[in-house]
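Visitor: So the sequence shown is numbered by this note's numbering: it starts at 716 and just counts up by one.
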Amino acid sequence: MLYIVATPIGNLDDLSFRAKQILEKVDIVLAEDTRVTRKLLEFYNIKKEIIRFDEHADEEKLKLVENLLKEKNLAFVSDAGTPNISDPGFKLVKYFKENVEIIPIPGPSAITTLISVADIPMDKFLFLGFPPAKKKRKKFFEEVLNSKYPVVIYESNHRIKKTLKELQELEDFECIIGRELTKKFETISYGKISEIKIIEKGEFVLIIKR
Ligand code: SAM
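1. Relative to the C-alpha of THR878, which candidate in SER909, GLU901, SER862 has its C-alpha closest?
2. Could you give the C-beta distance for VAL744 and LYS763, rounded to a whole number, given that I count them as a contact under 8 Å?
3. Can you tell which of MET716, ILE923, LYS924 has the C-alpha that lies nearest to the C-alpha of ILE818?
4. Do LYS916 and ASN726 have their beta-carbon atoms positioned less than 8 Å apart in this structure?
5. Sort out for me which residues DSSP pairs LYS907 with in a bridge.
6. Return the CA-CA distance between GLU920 and ILE875, expressed in angstroms with no decimal places.
7. Taking DSSP as the reference, what is the three-state secondary structure of PHE811?
8. Could you check what DSSP says for ARG733 in three-state terms: helix, strand or coil?
9. Run the proximity test for LEU745: is its beta-carbon closer than 7 Å to any non-hydrogen atom belonging to the ligand SAM?
10. Is any heavy atom of the ligand SAM found at a distance shorter than 7 Å from the C-beta of SER871?
11. Quick one: does the C-beta of THR878 sit closer than 7 Å to a heavy atom of the ligand SAM?
12. Counting only the same chain and skipping the five closest in sequence on each side, list residues whose C-beta sits under 6 Å from that of LEU784.
13. For ALA833, does the three-state DSSP call read helix, strand or coil?
14. Where are the beta strand (DSSP E) runs, 3 residues long or more, that stay fully inside the stretch 727-813, in chain order?
15. For the ligand SAM, is there any heavy atom lying closer than 7 Å to the beta carbon of ASP802?
16. Roughly how many angstroms lie between the CA atoms of GLU770 and TYR905, to the nearest whole one?
17. Tell me where the beta strand (DSSP E) around LEU843 begins and ends.
18. Taking the alpha carbon of PHE900 as the point to measure from, which residue in CYS890, GLU889, LEU885, GLU918 has its own alpha carbon closest?
19. Starting from the C-beta of SER862, find all residues in its chain whose C-beta is less than 7 Å away, skip the five residues before and the five after it, and write them out in chain order.
20. Considering just the uninterrupted stretch of the beta strand (DSSP E) at LEU717, what are its terminal residues?
21. Terminal residues of the continuous alpha helix (DSSP H) containing LEU896?
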């Protein structure tokens, strides 16, 4: 069996009870970043073999996993949150879905964490992930502007200022900005872009109201 397991987005206490049980039970953990996952497993006192499986995993890596799955149960975890949300995951599912039982173990995600404290209905929304670095950036922001629904995007500390500036040039959007969610320096801000003071440290999720 192959379990696709969601892990915390910062606060290690957020691992679900079921996720913990699965990580204890499987023979091997496939991880986007072995160091990050080692830390999580050590926190829960789980001793497990960890094999790297990231977005660059090639045919050879898939064959290795295929051989392991003949005799063993495996879990895949990404760096943080829910696999396949701006993270690796789909390659494994695509490759093994016909022959292996694949079981999702749900848990935290930066999207749902911020949505849960939105002050607007979020029964419909558009998730656009990270703004592209160069090409297609203009088109990305046009999609935000033209959306009928609130737009959720991800951004890193390196580019948050630039992204907010470019968004503001289109419109001084009302938004909700979640920074370092579930962590020690978590901040959640509501207001127009021009009103929100940004500390360029940590990880960000934005809900742009439409
Ligand atoms: N799979 C993850 C999920 O389910 O949220 C997302 C992985 S993506 C590579 C990483 C991005 O998610 C960060 O750059 C940031 O935009 C967002 N993110 C992850 N953890 C976060 C946190 N604790 N607070 C705010 N944003 C976070």
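Ideal placement from N, C-alpha and C gives every residue a C-beta, glycine not left out.
Guide: So, from the data block:
1. Ranking SER909, GLU901, SER862 by Cα distance to THR878 puts SER909 first.
2. Right, the Cβ-Cβ distance comes to about 5 Å (below 8 Å), so this counts as a contact.
3. When MET716, ILE923, LYS924 are compared, the shortest CA-CA separation from ILE818 is found for MET716.
4. Taking 8 Å as the Cβ cut-off, ASN726 and LYS916 do not qualify as a contacting pair.
5. For LYS907, the pairing in a beta bridge is given by DSSP as GLU889.
6. Before going further, note that residue 920 is Val rather than Glu in the sequence given. Taking the Cα positions, VAL920 is about 10 Å away from ILE875.
7. In the structure shown, PHE811 sits in a helix (DSSP, three-state: H, G or I).
8. If DSSP states are grouped into helix, strand and coil, ARG733 belongs with the helices.
9. Here the distance from the Cβ of LEU745 to the nearest heavy atom of the ligand SAM is not below 7 Å.
10. At least one heavy atom of the ligand SAM lies closer than 7 Å to the C-beta of SER871.
11. Checking every heavy atom of the ligand SAM against the Cβ of THR878, none is found closer than 7 Å.
12. Same-chain partners within the cutoff: VAL815.
13. The answer is coil: DSSP assigns ALA833 none of H, G, I, E or B.
14. 743-746, 764-767, 789-792, all fully within the stretch 727-813.
15. Judged by the Cβ position, ASP802 qualifies as a neighbour of the ligand SAM at the 7 Å threshold, a heavy atom of the ligand being closer than this.
16. Looking at the backbone, the Cα of GLU770 and that of TYR905 are separated by about 34 Å.
17. Looking at the DSSP string, the run of the beta strand (DSSP E) that includes LEU843 is 841-844.
18. The shortest C-alpha separation from PHE900 is found at GLU918.
19. Answer for SER862: LEU841, ARG925, listed in chain order.
20. Annotation for LEU717: the continuous beta strand (DSSP E) segment containing it runs 717-720.
21. That residue, LEU896, is in no alpha helix (DSSP H); it is neither H nor E in DSSP.
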